[in-house]
Each structure stands twice: as C-alpha cells, then as structure tokens.
Amino acid sequence: MSLTKWTVGLMAGMSMLTLAAQANAGEVRVTVAEYSAKTGPYFENVKKDFEAANPGITVKFEIVPWDVLLQKLTTDITAGTNADLSIIGTRWLIDFVQQDVAEPLDSYITPDFKGRFIDTFLSPSIMEGKTYGLPIAASARALYYNKELFEKAGIAQPPATWTELQEDARKIKALGSGTFGFGLQGKEIETDVYYYYAMWSQGTEILNKDGTSGLSTPGALEAAKLYKSMIDEGLTEPGVTSNNREDVQNLFKQGKVGMMITAPFLSNQIKDEAPNLKYGVAAIPAGPTGARGTYGVTDSIIMFKNSKNKDEAWKLLDFLFTTEQRAKFTQGEGFLPVNKEEAKMDYYVNNADLAAFTALLPDARFAPVIPGWEEIAQITSDAMQKIYLGSAEPEAALKEAADKANAVLKK
Amino acid sequence: MQNRFLPYLLTLPSLFLAAVVIFWPVWDLIQISTHDVSRFGQLRDFSGLTNFWALTADPDFTAALWRTGVWTVLVVGGALLLSIPVAIILNTDFYGRGIARVIIMLPWAVSLTMTAVVWRWALNGESGMLNSALIGLGLIEQNIQWLASAETAFPMQVLIGILVTVPFTTTIFLGGLSSIPDDLYEAAALEGATPLQQFREITFPLLKPFINIAIVLNTIYVFNSFPIIWVMTQGGPANSTDILVTHLYKLAFRIGKLGEASAVSLVMFAILLVFTMIYVRLAMREHRA
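As you go down the protein sequences, you meet chains R and V in turn.
Under our numbering, think of the first position of the first sequence as 939, with each following residue one higher.
Under our numbering, think of the first position of the second sequence as 45, with each following residue one higher.
Put into structure tokens, the structure is as follows:
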C-alpha cells in the first residue's frame, strides 16, 4: 500500500519536473547580469509594467553576478536549458554566433527601431551583416582626478599627456600623508585594458594591420615601461598587483589617489558613498604624437536560437528599448545612453561628467571581434602582472605574450 | 543459497547512487576530454589524447600541479599538527571547555567563501585590518601588500587553509580520543609514565586509525579546495598562486577550453584515486602487522 503511494508520489513529482523543464507558452526567461544593487529592482519593475501591458506573457528574470555570467551561460547552453534572452558581453558575441546559438534579429528590426540607436553602440553587435544583439549597456573610460589633491599640489588642470600625468603624480606624491599620484589597476578583470590606455596613446593597436598581436611593437614596450617606471618611482599606489578595479576606485573615493581611469559608474558611486569628494572627469592622456584611446564597452542582449517564444521575447526587447525604459536603466546604473532620443534628455546634456565620456567616444576602441579574445586578454593581463611585479623584464614578457597571442590568433 | 546474493543486493542501491553521481559525470568528462569540443560543450571530432598532451606542454599546468602538491601537503600537514594538541586539550576536563569547543568549531560553521572574502578584506594593503593591527602593535612600519605577490599571498592562503581545516580534523580526533579507555592512562600513571610517554605509547598508537582517516579525507578536500585561492587572488598575480582547480576553472569558463579543462579534471581524479588506494593499502598493511 505504502509502496504504491510512494510510486504515485514519485511519478507525480517526475512529471512535474518534466513540465517545469518545458517552457510554458507565453513565458519569456531572461538571464540578466547584476551590474549593481539597482539592477534587480529595475528589472522587477520591468516585469510588473510589461506584464500589465501585455496580458498572457509572463517574464522571468534570472539575475546573475557578472563574474559567473559566462560560466552560467556555458553550462546552461551545454545542457540546453538556457533562457530565451540573455545579456552577454558583446566581446563574447562572436563565440555565440560561430556556435550558432544566437538568433539574428533582422527579421524583427524595423528601420524605425534601428533608428532609435546611436550607431557607435549598435555596430559592435552586427556581425557579417546581421544584427545579433542589442546594446543594453554602454560605457567608456575616462580619467577621474581629485580636485582637492590637485589644488593642494598646485596643479591647475588635468593632465593632457602622459608626461604631464607623470609630473602631476610626482607633485601629488610629494604631498605625503599616504596619497598616491596615479591609481594603477593590476588585478582581475580589465587589467589588460588598463594597460591599453597607455599603449593606444603610443599609436599601437591590440591587433596590427596584418592581424598579428600588437604586443611586440615598440609602442607596446614604451607603454609597459611607462607604467613600470611609475611603479618603481612610487607614483602609483603600492602593491599594484593586489588591487582590482574596485580596490583602486575605493582608494579614489577615500581621497588617497590623485588620478585613475575608469567607467562613468564611479560618478554614481561617489554620489552615494563619498558625496563630499571634489573630483573632475577629463580625457585620457595623449601620447607623444597626440594619439589617445579609450575603451568602449557594450553589453548586448541576445535571443537564443532555441527559444520557443521568440515573438514574445521580441516584444519584451521592444519594450526594454523604449526611451523611457532606457533612461531609467542607464541613469540608475551610470552607463552612457545608447538611444538617440535618450541622449537628448537634460540629464545627459547638463552632466559634465558624462560629457567628458561622450567627448571621448570618437577615440573609443571596442574589444576586437575575434574568437579567443578572452584568452588573449588573459595572456596580456598575465604579462602585465609579471612586468608590474618585476618578475620579468618588459621586453621578454611582451615578446612571450605576443608569441602566445599570435598562436591563439592563428587558430 | 539466498545469503550469497544478499550482500550484493544490499549494496546495490548505494552502487546505483554512486553510478549516478560519480561514474556518469566521469564518463561525461572522458567524452569531453577526448573530443574536439565547442565553447558550449558540443562534441565534435574524436581527438584522442590531444587535450592531455596540450596540458603537458603548458608550463602553467605543470606549475599548478606542483603547487597543488605543496598546498595539499602544507595544509593537511599543518592542520594535523595543530589539531592533535587542540583535540587533546579539548578532551581534558577544564572550566569553560564547552565554550572553547564551540570557538574551535566556529570556522567550520561559516561558509568557506565568506571566510575567504573576509580575509581578502583583512589582507588589503591600504585599509586591511591585519596591517593596521601590525602597525598598531609596532611590529611593522610600512603596510605589507599581502596579496600583491605570491611570496606573501600563498603562505597566507596556506595558513587560512589550515585554519578552516582544523575544526573538522579536531572533531575526528576528539571522537578518537573519547574511544581510548581512561584506565590505560591510570595504569600508565601508576607505572610512572610521564605525560609525553603516555602520548607516545598510548594516545598516538590508538589515535592512528583516526589520523589515517583525517589524512585521506582532508587530502581529498584540500586538493579540490577552490574558494580560498579563487576569492583572494584568482590564482594570480600571473598564475603564481594557481592550483589545479583554479587553473581548471579559468581554462573552462574564462577561456572556454572545455576539452583541456575536462582533461585537468580527470588528471585530478586519477591522482586522488591513486593516492587514496596507495594510502589505504599502506594503512591497512600496517594495521594487520
């Protein structure tokens, strides 16, 4: 008797499992990266508003920390349990396209819809003439400087070149009392990017024109030597390789660092956490020839090829990219507007910080669209850490990294 | 007649469970590691041992392999050396023993990841607690950048590894100590044995099976332990604190080489299997003799 009960219960449980595994008609599942504490509440509101406007469609957001997003997507896709839509780093998009898991959106995109976007931000999501993603978040990098420290050190304006930046860093260091001139990031995500700022100002690109790694060029060596000499001279914070982006940002918020290069969201953090900090935002310093470069980043929201509810998913995308929704999201997270109408709003036009970022956009480089990009980024970060630590000479470390990167590029 | 099959019948459920949770994933790993595999785990052509050869050619892998050995020996060894006296003290009757036991066990109750996060903050070069404490005590004059290089980061990680391994090890030893009858000590004391002699002649030999268990279990846990190193340094700077698990994680989820990552995973599985078999054999033989 009890055995049959068990069997029945087990069967019922299993059938419920299979039911749950199948997507319900009209349900759109979305994997979302958690950018800040505001991400969750924002998407909760989206769910409420969208479901009210579209009866019959339910939305399920799965909010995942950035660090584990790629891991979750990899395992989900391998198991075939991925959501209908997902936010991804646009630099990963080529892998998704090559593995044929991303759905081209062109059949849904009307000229009017396309017209909503600023081209600079939409173009990285276009591959082989097809639009595979929509830029949900856009960002660039600029130089933050501490006005109070600058004033104390007798510096009138932010540095225009790296030579000036070194001078300014020396003056700030001379103030003593635990202040550091230039905040240099040497750990975790974007350690390589922090090096590219100096490299781009030498006129060197990540990839040479012939498609090989730029790391073995004289410009790349100059840039590495510049950072290394600043570390040796004590112009940076100590223990560079123990500080990730957040660590350096924290030092900046505490007023301990004179200058650092980072994304617009630092302004929002300062507003919340260090409202009394006097800071300015300026262009990334230029090199001897006047060349300069900032890092442009977009995250795309993509539709999966195996989605069963593509039309419903598209409706949600259409809703997410209305000016009103965009403004709420972008302003909450401290990103740059990707939507033309949105960019005209007073919030952006009258914002000096953001103006500095948008002014840099013509100099923006996006991560190159090549398979194996993450591996090359890792190789570059490792080489930088060796140079910063002094465990390898810049020439040797860069040569080794260039060889490794070229091997990846050849595949 | 029926009795002969009964043992097999009785072990069948656990064998089935083991098959589901162990053999099936291992089979999957073998599949992935011997094929050319896409970023998202789709198998393509059979590639034989290519992924394994790729590992042997990778200096980061060999370095991580050695470091895993050092890490395991130091953490397991350190935890054993520390746990035996701790267990002996906690086994004696003293005022406040309950509280002392709770304090020793506490690190066990906190998740490993949280412990690692707290230590990462504590070891921060500019605003970390450890540096302020050391400066406050006058032991150092300048901040030490603990996590900036492997020379300071790895020893700290080993120390933290020992700290979080002690509670479990102590628990095993406390169980072992309580199984030693008191009259043995009374008899030894009557014969004039010193505490050191009592330890060497009574406690240690009788504790041996428990030490063996602690060595085997801890080796398996520590060898596979991910959070401490990942949270504090992500195996960096420049892979200089990587152990096999963190190396594997980067291969699989950063770079997307699922084939090589599966190969690392199988190598780890093989090492642990061989270690356990050899060790259990040795321990058993000693036991019989």
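Glycine included, each C-beta is placed from N, C-alpha and C at the ideal position.
It should be emphasised that the depicted structure is a prediction, and the values quoted were computed from it without experimental measurement.
field: Buried or exposed by the 16-neighbour rule on C-beta atoms within 10 Å, applied to V/Val119
entry: V/Val119 comes out buried.
Amino acids of chain V, ordered along the chain, whose beta-carbon sits closer than 7 Å to that of R/Pro1275: Within 7 Å Cβ-Cβ: nothing; R/Pro1275 doesn't reach chain V, min ~31 Å.
- prompt: In chain V, which residues lie less than 7 Å from R/Ile1262 when you measure between Cβ atoms?
  reply: Reading off the sequence shown, one finds Glu at residue 1262 of chain R, where the question assumed Ile. Those within 7 Å of R/Glu1262 in chain V number zero; the least Cβ separation is about 35 Å.
field: Members of the stretch 249–282 of chain V that neighbour chain R once the beta carbon cut-off is set at 7 Å
entry: Gln278, Gly280, Pro281, Ala282
field: For R/Phe988, the three-state DSSP class (helix, strand or coil)
entry: The answer is helix: DSSP assigns R/Phe988 an H, G or I state.
- request: On the DSSP bridge assignment, give the partners of R/Ile1064 in chain order.
  value: For R/Ile1064, which the question treats as bridged, DSSP gives the partners R/Thr1069.
- request: Can you check DSSP and say which residues form a bridge with R/Met1283?
  value: According to DSSP, R/Met1283 bridges with nothing at all.
- prompt: DSSP on R/Val968, reduced to helix/strand/coil?
  reply: DSSP places R/Val968 in strand when its eight states are reduced to three.
query: Which chain R residues sit within Cβ distance under 7 Å of V/Arg298?
result: Glu1312, Gln1316
task: Output yes if chain R places a C-beta closer than 9 Å to the C-beta of V/Gly85; else output no.
output: Answer yes: the Cβ-Cβ gap between V/Gly85 and chain R drops below 9 Å somewhere.
- prompt: From R/Glu1271, R/Ser1245, R/Leu1258, R/Lys1111, pick the residue whose C-alpha is nearest to that of R/Phe1051; which is it?
  reply: R/Leu1258
message: Spatial neighbours of R/Met952 within its chain, please: C-beta separation below 8 Å, excluding the five flanking residues on both sides.
response: In this prediction, R/Met952 has a pLDDT of 47, which is less than 50 and means its spatial position is unreliable; what the coordinates show is noted afterwards. The answer is none, since no qualifying residue turns up.
Close-in-space but distant-in-sequence residues of the same chain around R/Gln960 (CB under 8 Å, 5 per side omitted): Here R/Gln960 scores only 47 on pLDDT, less than 50, and its place in the model should not be relied on; the value that follows carries that caveat. Around R/Gln960: no qualifying Cβ.
field: Beta-carbon proximity check, R/Tyr1285 vs R/Ala1265, cutoff 9 Å
entry: yes
task: At 7 Å on the CB atoms, spell out the chain R contacts of V/Leu191, in chain order.
output: Ser1180
- request: For R/Asp1267, I'd like the list of residues in its chain whose CB is within less than 7 Å of its CB, leaving aside the five on either flank, ordered along the chain.
  value: Per the sequence shown, the amino acid found at residue 1267 of chain R is Phe instead of Asp. Tyr980, listed in sequence order.
field: Three CB pairs or more closer than 8 Å across the stretch 1238–1246 of chain R and the stretch 1136–1152 of chain R
entry: no
message: In this structure, how does DSSP classify R/Thr1174 when only helix, strand and coil are distinguished?
response: strand
message: Please list, in chain order, the chain R residues whose beta carbon lies closer than 9 Å to that of V/Leu169.
response: Looking at the sequence provided, one finds Gly at residue 169 of chain V rather than Leu. Those within 9 Å of V/Gly169 in chain R are Glu1175, Pro1176, Gly1177, Ser1180, Asn1181, Asp1185.
field: Residue from R/Arg1108, R/Thr1048, R/Ala1098 with nearest C-alpha to R/Gly1092
entry: R/Arg1108
- prompt: Does DSSP put V/Ile188 in a helix, in a strand, or in coil?
  reply: When secondary structure is reduced to three states using DSSP, V/Ile188 falls in the coil class, being assigned neither helix nor strand.
query: Under 8 Å Cβ-Cβ, which residues of chain V neighbour R/Lys1194?
result: Glu170
field: Residue ranges of each alpha helix (DSSP H) within the stretch 1066–1131 of chain R, 4 or longer
entry: 1085–1090, 1100–1112, all fully within the stretch 1066–1131 of chain R.
- request: Go through its chain and collect everything with a Cβ distance to R/Gln1036's Cβ below 7 Å, but skip five positions before and after it.
  value: Pro1309
- request: Answer with yes or no whether the minimum CB distance from V/Asn187 to chain R is below 9 Å.
  value: yes
query: Beta carbon of V/Gly280, beta carbon of R/Lys1125: below 9 Å?
result: yes
message: Taking the beta carbon of V/Leu56 as the centre, do at least 16 other beta carbons fall within 10 Å, making it buried, or is it exposed?
response: exposed
message: From the DSSP secondary-structure annotation, give me the bridge partner or partners of V/Glu195.
response: None, per the DSSP bridge assignment.
message: Which residues in chain V have a C-beta closer than 7 Å to the C-beta of R/Glu1126? List them in chain order.
response: Gln278
task: Please confirm whether R/Phe1273 and R/Ala1076 have their CB atoms less than 9 Å apart.
output: yes
task: For chain R, find out if any of its Cβ atoms is closer than 9 Å to the Cβ of V/Leu59; answer yes or no.
output: Not one chain R Cβ lies under 9 Å of V/Leu59.
- prompt: Pick from V/Pro129, V/Thr116, V/Gly303: whose alpha carbon is nearest that of V/Asp89?
  reply: V/Gly303
- request: Check each candidate in V/Tyr265, V/Leu295, V/Thr290 and name the one with the smallest Cα separation from V/Leu317.
  value: Cα-wise, what sits closest to V/Leu317 is V/Tyr265.
- prompt: How about V/Ala197: is its C-beta nearer than 9 Å to some C-beta of chain R?
  reply: yes
Pair within 9 Å by beta-carbon distance, R/Leu1164 and R/Gln1104: yes
query: In the stretch 1197–1226 of chain R, which residue ranges form an unbroken alpha helix (DSSP H) of at least 4 residues, counting only runs that do not cross its ends?
result: The stretch 1197–1226 of chain R contains these whole alpha helix (DSSP H) runs: 1203–1211.
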